[in-house]
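Engineer: Under numbering that gives the first Met the number 0, think of the first position of the sequence shown as 0, with each following residue one higher. Have a look at this one.
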Amino acid sequence: MVVVLDTVSANPVRPRHPEKANRPDAPSPPKPDWIRVRAPNTRGYADTRRIVKENGLVTVCEEAGCPNIGECWDKKHATFMIMGDTCTRACAFCNVKTGMPGALESSEPEYVAEATRKLGLAHVVVTSVDRDDLDDGGAEHFAQTIRAIRERCPATTIEILTPDFLRKDGALETVAAAKPDVFNHNLETVPSRYLTVRPGARYFHSIRLLQRVKEIDPTIFTKSGIMVGLGEERHEVLQVMDDLRSADVDFLTIGQYLQPTRKHHAVMRYVTPEEFSAYETVAYTKGFLMVSASPLTRSSHHAGEDFAKLQAARANQPR
Ligand code: SF4
């Protein structure tokens with residue numbers, strides 16, 4: 000497992016990704032015209048930003064440099080990132096800061112619940128950095144956050160996007176026992192690209208994690224996603240779909256990888272909207288209840304609307 004320790008935290012100009020600082024630049028091809036995003040300059044965006052800052056919260060929207068932030072924040076949809084802004088892994092695709100994180104903020108579950116209430120969210124998405132430094136990987140903190148939101152916002156449905164809790168016995172069970180409505184864990188890429196793209200993780204561990212959630216509580220919706228454009232082959236994407244269906248996963252997201260900086264993994268290819276559409280068609284034939292596949296699809300993009308569709312799809316399933 001890759002764990003990057005921050006040994007230079009006293010240095011105010013410490014790079015965001017010290018482990019990548021000395022890598023050669025990896026140039027990507029220019030973005031095609033189908034990758035267009037809304038500028039973040041609306042009133043709704045400003046309101047969301049204010050509430051996030053007032054509650055001292057971190058969002059993956061900002062930390063990951065998500066291209067959808069203008070659209071989502073305008074509608075007051077933010078994805079909270081708990082347990083700090085510093086991740087103990089160093090994935091080649093991710094813009095979240097790497098290093099040794101600080102201690103957990105014990106009031107954070109309450110702050111997240113309060114921000115959910117202030118934003119009036121019908122559906123909230125909570126994710127986290129990887130916390131390999133904690134004995135339970137942060138599982139209990141996730142569970143506390145779910146419980147705090149339930150208490151303060153009982154009508155809000157809760158989606159979590161978790162790390163893999165690799166080698167943390169009992170962590171998954173702790174989170175599942177708190178009963179999120181949707182349990183999302185992203186595979187991120189096809190297995191042949193793991194060593195380069197997601198070196199701290201294990202593909203079949205992630206598949207098994209999703210399968211275990213369903214075994215523990217079949218009422219929880221399970222969800223996973225991958226990025227394309229990282230050098231994968233089409234047949235590998237189709238195999239990932241089969242593996243996820245074997246684990247009884249309900250919802251698949253597929254989006255275009257975009258390079259956060261030139262030190263990150265290069266974009267190998269921009270997948271066309273037509274190819275995304277074809278992936279979506281194939282995924283539905285394989286039995287997913289919901290599929291979202293488009294260049295700007297992200298795990299939490301339109302999560303509220305998609306959750307309503309997910310519920311409807313389950314209700315319409317033949318018994
Ligand atoms: S897609 Fe998700 S991460 Fe991106 S801005 Fe929207 S809510 Fe935030």
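Note that CB positions come from ideal geometry on N, CA and C, so glycine has one too. No experiment lies behind these values; they were computed from the predicted model shown.
Helix, strand or coil for Ala292, going by three-state DSSP, please let me know.
Structural biologist: strand
Engineer: Whose C-beta lies closer than 7 Å to the C-beta of Val239 among residues of the same chain, with five residues either side of it excluded?
Structural biologist: Leu186, Val189 and Ile225
Engineer: One question on the structure: do Ala121 and Thr144 come within less than 8 Å of each other, judged by their Cβ atoms?
Structural biologist: no
Engineer: Is Gly319 helix, strand or coil when you go by DSSP?
Structural biologist: Here the chain comprises residues numbered 0 to 318, so residue 319 is not present and cannot be evaluated.
Engineer: In the DSSP output, what is Leu251 paired with across the bridge?
Structural biologist: Ser223 and Val290
Engineer: Give me the Cα-Cα distance between Glu113 and Glu232, rounded to the nearest whole angstrom.
Structural biologist: 44 Å
Engineer: Assuming Pro294 and Pro259 make a contact with CB atoms under 8 Å, what is their CB distance in whole Å?
Structural biologist: Going by Cβ atoms, the distance from Pro294 to Pro259 rounds to 16 Å, so no, they are not a contact pair.
Engineer: Using alpha carbons as the reference points, say which of Gly119, Tyr110 and Ile81 lies closest to Asp129.
Structural biologist: Ile81
Engineer: Closest to Pro162 by C-alpha separation, out of Tyr193, Thr87, Ala91 and Gly98, would be which residue?
Structural biologist: Cα-wise, what sits closest to Pro162 is Thr87.
Engineer: In the DSSP output, which residue or residues are listed as bridge partners for Met82?
Structural biologist: Per DSSP, none; premise fails for Met82.
Engineer: Should Val125 be listed as close to ligand 1, given that the test is whether its C-beta is under 7 Å from any heavy atom?
Structural biologist: no
Engineer: Nearer than 7 Å: is that true of the beta carbon of Thr252 relative to any heavy atom of ligand 1?
Structural biologist: no
Engineer: With three or more C-beta pairs closer than 8 Å as the rule, is the stretch 212–228 touching the stretch 172–184?
Structural biologist: By the Cβ test, the stretch 172–184 is in contact with the stretch 212–228, since at least three Cβ pairs between them sit closer than 8 Å.
Engineer: Determine the direct distance from the alpha carbon of Arg149 to that of His234, and round the result to whole angstroms.
Structural biologist: Looking at the two C-alpha atoms, the distance is approximately 41 Å.
Engineer: Our contact map puts Lys370 next to Thr41 with C-beta atoms below 8 Å; I'd like the distance itself, whole angstroms only.
Structural biologist: The chain is shown only over 0 to 318; residue 370 falls outside these bounds and no answer can be derived.
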